[in-house]
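Residue numbers (this note's numbering): 54 to 758. Below is one structure, written out as structure tokens, with a few remarks after it.
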């Protein structure tokens with residue numbers, strides 16, 4: 054169906070903020086115990102406010118908002134009490150009557166890579182799926198069995214697990230109502246008061262997270278709060294600069310980094326509080342490796358002695374906590390450069406301590422995204438003050454991103470300050486309008502009570518002829534001349550002096566009240582229109598800011614792409630050079646392979662030569678041995694001949710023979726010559742064999758090398 058053919062396309066819902074809502078009752082038991090009055094006079098509350106505590110644990114519990122008309126429709130006639138079964142089903146309130154539906158809008162914080170926290174209003178997808186069939190049925194256009202749109206939305210909004218619950222933006226909710234052609238005037242957007250009070254408790258009561266209830270009665274929190282709860286439970290309270298944990302520091306950082314990555318990817322969802330607590334307990338077991346010497350169990354880093362968020366904390370107390378924990382010490386950013394103070398507020402002391410642990414633990418460059426995520430979540434733990442907002446933003450940028458010496462541009466902070474100023478002005482107008490409305494309402498009640506207590510006719514006396522000084526009946530108009538008629542009419546309209554003053558006073562009071570009511574009504578309408586215009590302008594500004602941020606991010610991406618492109622060109626050149634070097638190395642490798650092959654061949658030949666030389670060496674050794682043996686026999690024969698020569702000489706000395714015969718002399722000379730020749734020959738052979746053996750040994754050594 055086109056938008057032109059849709060019947061309820063131009064209808065609008067009512068949308069009220071928390072500042073417009075007046076809380077008339079707040080229970081002490083839980084945050085969901087409250088009653089409130091909307092600007093249109095309707096009194097609303099959660100259905101669980103009427104249930105006893107034991108019923109809140111039921112699995113089939115449904116949570117929704119009802120008003121006084123809804124309570125009247127199910128009130129028992131004989132007793133002024135309600136049946137539990139009637140309060141647990143939204144369908145019960147639509148039987149034989151038209152119900153007005155209220156949808157809770159949750160003001161959630163969204164982090165981004167820059168670090169600034171942005172806020173948006175979201176509604177639970179389960180709540181939308183629950184009321185759409187009832188709205189369609191109530192306007193006599195029930196869903197057909199063949200209509201698959203509701204199932205399509207159910208699949209679209211399906212969460213990633215039983216512990217996750219999808220929430221959608223208000224503009225998407227409006228588009229869904231347009232898609233089903235639902236009369237939007239049947240719906241009123243109201244603030245999630247439970248979540249609002251819980252968010253305030255983060256600063257005022259040092260709570261770890263803000264919670265609310267899903268349409269199924271599950272206590273949930275935002276993913277950023279769940280991640281921060283892990284940070285508070287596991288990271289805070291440990292001296293990460295201690296030598297006792299430096300060896301396992303990377304392990305602990307990896308564990309926390311993985312957990313925060315999971316929560317950071319849960320966009321558009323809420324996570325059950327029970328799963329968060331289970332995750333913290335499971336992770337705490339792996340953190341048992343932290344030595345006791347590094348745990349600051351005796352240090353009151355939560356400043357529990359200062360329960361009020363504005364309580365003054367002495368600087369000495371703050372410093373005495375930072376030093377043993379290994380945390381940096383920060384200066385009060387609300388002070389002027391030359392100004393000094395002995396105290397800081399309790400909320401600021403907690404803020405500084407947690408900021409210090411974020412800086413110390415998330416110090417690795419790979420943890421930059423999660424550091425920004427934690428820093429953005431930390432921003433909601435400060436008191437909003439437009440007078441010190443600029444100083445705070447400078448401090449925040451310095452601590453987490455710039456490392457000091459940072460100057461905040463005026464254009465970057467003016468938008469935040471202007472937005473907060475508009476919100477404060479709107480809230481003041483709404484508060485004054487509330488007060489005027491309350492005064493007028495009280496006047497009306499007093500007037501009703503006063504008029505109800507007087508008897509009928511007591512304030513007005515009947516006009517009689519005697520009262521105007523006439524003893525005769527008043528003549529008819531026919532008998533009265535025109536002049537007398539005028540005089541008579543003027544006399545008949547007169548009353549006693551007392552009655553006239555009372556009438557005039559009551560008339561004046563009534564006129565003044567009417568004028569004041571009209572003026573207040575006009576002012577309220579004007580303030581509402583102004584507030585709506587402010588909201589529209591804020592939406593336009595936020596959309597423009599988002600567009601600007603998108604364009605800036607795209608421009609930054611383009612710059613990065615250009616840098617990457619130039620880097621790619623450089624890498625291509627380097628790659629070409631590397632390819633050339635690889636080709637040269639391949640050629641060198643081929644040459645070396647060939648040379649290696651030749652060397653191996655030479656080694657093979659040398660090995661064969663070595664084998665042959667070893668055989669020759671063995672033969673030479675055998676020949677040398679035989680020569681040595683022959684040399685030994687020659688030596689022995691020489692010795693024998695020498696002995697004979699000695700004997701001959703002795704005989705010659707003794708003179709047994711006078712003259713030696715010529716024959717004996719010749720024999721002796723011959724023997725001596727043979728001995729010398731044999732000795733010379735043996736010596737020469739020995740020298741030649743020795744040289745050959747030495748040359749073979751030298752060759753063997755060379756071949757082995």
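Using N, Cα and C, we set each Cβ at its ideal position, and we do this for glycine too. Quick caveat: nothing in here was measured; it's all calculated off a predicted structure.
Note the first and the last residue of the continuous beta strand (DSSP E) segment covering residue i.
i, result
"residue 172", "171-177"
"residue 266", "264-266"
"residue 293", "Per DSSP, residue 293 belongs to no beta strand (DSSP E) and is neither H nor E."
"residue 274", "272-274"
"residue 396", "396-398"
"residue 127", "Residue 127 -> not in any beta strand (DSSP E); alpha helix (DSSP H) instead, spanning 121-127."
Short of 7 angstroms in beta carbon distance, which residues of its chain neighbour residue i, apart from the five on each side in sequence? Order them along the chain.
i, result
"residue 461", "Reliability of the predicted coordinates at residue 461 is poor, the pLDDT of 49 falling under 50, and no value is obtained from them."
"residue 173", "161, 163 and 222"
"residue 354", "289, 290, 374, 378 and 406"
"residue 417", "306"
"residue 68", "242"
"residue 342", "301"
"residue 266", "85, 116, 247 and 272"
"residue 212", "218, 219 and 322"
Excluding the 5 residues flanking residue i on each side, which residues of the same chain have their C-beta closer than 8 angstroms to its C-beta?
i, result
"residue 189", "195, 196, 233 and 235"
"residue 684", "735 and 739"
"residue 74", "89, 90, 91, 92, 243, 244 and 246"
"residue 427", "280, 281, 284, 313, 411 and 415"
"residue 192", "61, 235, 236 and 239"
"residue 368", "394, 395, 396 and 397"
Which residue or residues does DSSP assign as beta-bridge partners of residue i?
i, result
"residue 89", "76 and 97"
"residue 243", "157"
"residue 67", "241"
"residue 222", "175"
"residue 163", "171"
"residue 181", "Note: residue 181 sits in no beta bridge, so no partner."
"residue 217", "324"
"residue 118", "99"
Cutting at 6 angstroms between CB atoms, please list the residues of its own chain near residue i, excluding the five before and the five after it.
i, result
"residue 297", "344, 346 and 347"
"residue 71", "244 and 249"
"residue 303", "none"
"residue 295", "347"
"residue 152", "146"
"residue 325", "216, 271 and 273"
"residue 237", "64, 65, 66 and 230"
"residue 691", "728"
"residue 441", "387"
"residue 316", "276, 279 and 280"
How close, in whole Å, do the beta carbons of residue i and residue j come, if the pair is a contact with beta carbons under 8 angstroms?
i, j, result
"residue 412", "residue 381", "6 angstroms"
"residue 97", "residue 243", "7 angstroms"
"residue 95", "residue 259", "Actually they are not in contact, since the Cβ atoms of residue 95 and residue 259 sit about 35 angstroms apart, beyond 8 angstroms."
"residue 340", "residue 275", "Not a contact, Cβ separation roughly 24 angstroms."
"residue 149", "residue 310", "Not a contact, Cβ separation roughly 57 angstroms."
"residue 673", "residue 745", "6 angstroms"
"residue 220", "residue 177", "6 angstroms"
"residue 329", "residue 263", "The pair is not a contact, with the Cβ atoms about 12 angstroms apart (cut-off 8 angstroms)."
"residue 184", "residue 154", "5 angstroms"
"residue 681", "residue 749", "The Cβ separation is near 18 angstroms, so there is no contact."
"residue 383", "residue 452", "7 angstroms"
"residue 226", "residue 179", "Not quite, the Cβ-Cβ distance comes to about 12 angstroms (not below 8 angstroms), so this is no contact."
"residue 371", "residue 256", "Not confirmed; about 18 angstroms, so no contact."
"residue 742", "residue 653", "So it is not a contact: roughly 34 angstroms between Cβ atoms."
"residue 352", "residue 286", "That belief does not hold up - the Cβ atoms of residue 352 and residue 286 are roughly 16 angstroms apart, past 8 angstroms."
Is the closest heavy atom of the ligand PLP to the C-beta of residue i under 7 angstroms?
i, result
"residue 95", "By its list of ligands, the structure shown contains no ligand whatsoever, and the ligand PLP lies outside what it can speak to."
Could you give the first and the last residue of the continuous alpha helix (DSSP H) run that contains residue i?
i, result
"residue 424", "421-431"
"residue 316", "302-317"
"residue 138", "137-140"
"residue 202", "202-209"
Please confirm if residue i has its CB atom under 8 angstroms from at least one CB of chain B.
i, result
"residue 348", "Looking for chain B here will not work: only one protein chain is present."
In chain order, which continuous runs of the alpha helix (DSSP H) of length 4 or greater are located wholly inside the region 321-383?
326-339 and 368-378
Can you list the beta strand (DSSP E) stretches of 3 or more residues lying completely in the region 580-644, in chain order?
none
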